[in-house]
Amino acid sequence: MPTTEERIAAIRDLSFPETLKDLETYIGLIGWLRQYVPYYAQLTELLQDRKTVLLRDGP
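Here our numbering runs 442 ahead of the position in the sequence shown, where the first position is 1.
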């Protein structure tokens with residue numbers, strides 16, 4: 443099982459998601475942080491907004 447530092451490094455080293463699928467994967471990967479990061483929902487709001495735009499605009 444990877445340590446917290448290894449998980450953080452793996453997330454930090456990811457490239458910014460470009461597609462809806464990539465964004466959904468990224469949001470899923472960082473979801474475990476919500477228990478450790480105060481105001482997680484507010485900090486990830488822009489990602490959720492981007493997901494909404496991509497869903498609305500479609501392929």
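Glycine included, every Cβ here is placed at the ideal spot set by N, Cα and C.
Check your understanding: Whose CA, out of I472, G500, T467, L462, lies closest to the CA of R454?
Key -> In the sequence shown, residue 454 corresponds to position 12, counting from 1. When each option's Cα is compared against that of R454, the closest is I472.
Exercise for review: State yes or no: is the C-beta of L498 within less than 8 Å of the C-beta of L465?
Suggested key: Within the sequence shown, residue 498 is the residue found at index 56, counting from 1. Within the sequence shown, residue 465 is the residue found at index 23, counting from 1. In the sequence on display, residue 498 carries Arg and not Leu. Taking 8 Å as the Cβ cut-off, R498 and L465 do not qualify as a contacting pair.
Exercise for review: Please say whether L489 and A469 have beta carbons closer to each other than 8 Å?
Suggested key: Within the sequence shown, residue 469 is the residue found at index 27, counting from 1. Within the sequence shown, residue 489 is the residue found at index 47, counting from 1. Checking the sequence shown, residue 469 turns out to be Ile, not Ala. The Cβ atoms of I469 and L489 sit closer than 8 Å to each other.
Point to revise | alpha helix (DSSP H) segment containing V495, residue limits | key: Residue mapping note: residue 495 aligns to position 53 of the sequence shown, counting from 1. Boundaries of the alpha helix (DSSP H) around V495: 487-499.
Check your understanding: Shorter than 8 Å from the beta carbon of P459 to some beta carbon of chain D?
Key -> No chain D appears in the structure shown, which is made up of a single protein chain.
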